[in-house]
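Read in order, the letters of the sequence shown are residues 71 to 221 in the numbering used here. In what follows, a single structure is set out as structure tokens and then discussed.
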Amino acid sequence: MSYLISLSSNLANDHIEGIKEMITEEAYEEVVKNYSDYSLQQKSLLKVNTEDILFCYPYNIQIMKQSPDSVTVKIFVVFDCVSGINDLIQNHMSNQNFKFMSFNKYMQNKICLNYQFIRHYMKDNQSDWIVDKLLHMKDKDILKMYRLFRK
71 MSYLISLSSN LANDHIEGIK EMITEEAYEE VVKNYSDYSL QQKSLLKVNT
121 EDILFCYPYN IQIMKQSPDS VTVKIFVVFD CVSGINDLIQ NHMSNQNFKF
171 MSFNKYMQNK ICLNYQFIRH YMKDNQSDWI VDKLLHMKDK DILKMYRLFR
221 K
């Protein structure tokens with residue numbers, strides 16, 4: 071999770087060079103290509119804090135034997151995040167007329183992150199985990215894309 075926090079913080083703070091060692095060259099080129107189109111507000115939304123993560127789970131794990139002495143492992147992890155969720159809960163809990171957050175308000179704040187981590191294991195040597203795919207997307211945009219959420 072520290073990779074996610076560090077990578078997202080660098081992106082949000084416009085330190086694109088700071089992620090170069092954390093992601094593959096191909097992923098870095100893709101991020102750089104798309105990053106220039108983001109507004110400052112969009113960049114700030116990329117930041118994820120540990121307390122914003124509702125849950126995460128490995129969606130897919132691949133173990134690929136390259137040779138008798140070499141194995142590559144890929145783990146695709148899904149993170150569901152709501153920025154400021156602790157503040158939202160505390161504000162509602164302190165209210166005498168506690169009401170659950172409406173679905174629409176929840177969806178406005180919820181972000182789904184998909185990260186694929188890769189690591190190479192070789193005889194007597196192993197690489198660090200590195201990100202080779204990443205996606206940050208608001209849930210409401212996913213639902214709009216599939217026409218499941220109309221406004």
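In this text, a Cβ means the ideal position worked out from N, Cα and C, and glycines have one as well.
*Check the C-beta distance from Y129 over to F149 and give it rounded, since I have them as a contact under 8 Å.*
Going by Cβ atoms, the distance from Y129 to F149 rounds to 10 Å, so no, they are not a contact pair.
*Return the first residue and the last residue of the alpha helix (DSSP H) that L110 is part of.*
Segment L110 to S114, the alpha helix (DSSP H) holding L110.
*Just mark S78 as buried or exposed, buried being the case when its beta carbon has 16 or more other beta carbons within 10 Å.*
By the beta-carbon neighbour count (other beta carbons within 10 angstroms, threshold 16), S78 is buried.
_Option nearest Q132 by Cα separation, candidates L158, V143 and I123_ = Among L158, V143 and I123, the Cα nearest to that of Q132 is on V143.
*Own chain residues within Cβ distance below 8 Å of Y127, not counting five before or after*: Within the same chain, V147 and V148 come within 8 Å of Y127 by CB-CB distance, once the 5 residues on both sides are set aside.
_Counting C-beta neighbours from all protein chains within 10 Å, is the total for L124 16 or more, i.e. buried, or is it exposed?_
Within a 10 Å sphere around the beta-carbon of L124 sit fewer than 16 other beta-carbons, which makes this residue exposed.
*asked:* If you follow the alpha helix (DSSP H) that K103 is in, where does it begin and where does it stop?
replied: Judged by DSSP secondary structure, K103 falls within the alpha helix (DSSP H) whose first and last residues are E95 to Y105.
_Is the beta carbon of A82 closer than 7 Å to that of S109?_
S109 is not a Cβ neighbour of A82, given a cutoff of 7 Å.
*Contact check, Y191 vs V152, beta carbons under 7 Å*: Contact flag unset, no.
*So the alpha helix (DSSP H) N83 belongs to, where does it begin and stop?*
First-last for N83: undefined, no H or E at that position.
_CA-to-CA distance, N179 to L158, given in whole angstroms_ = Put simply, the backbone Cα of L158 is about 10 Å away from that of N179.
*At what residues does the beta strand (DSSP E) containing P128 begin and finish?*
Start and end: I123 to S137.
*Would you list the one or two residues that DSSP bridges to K117?*
Residue pairing for K117: DSSP places it in no beta bridge.
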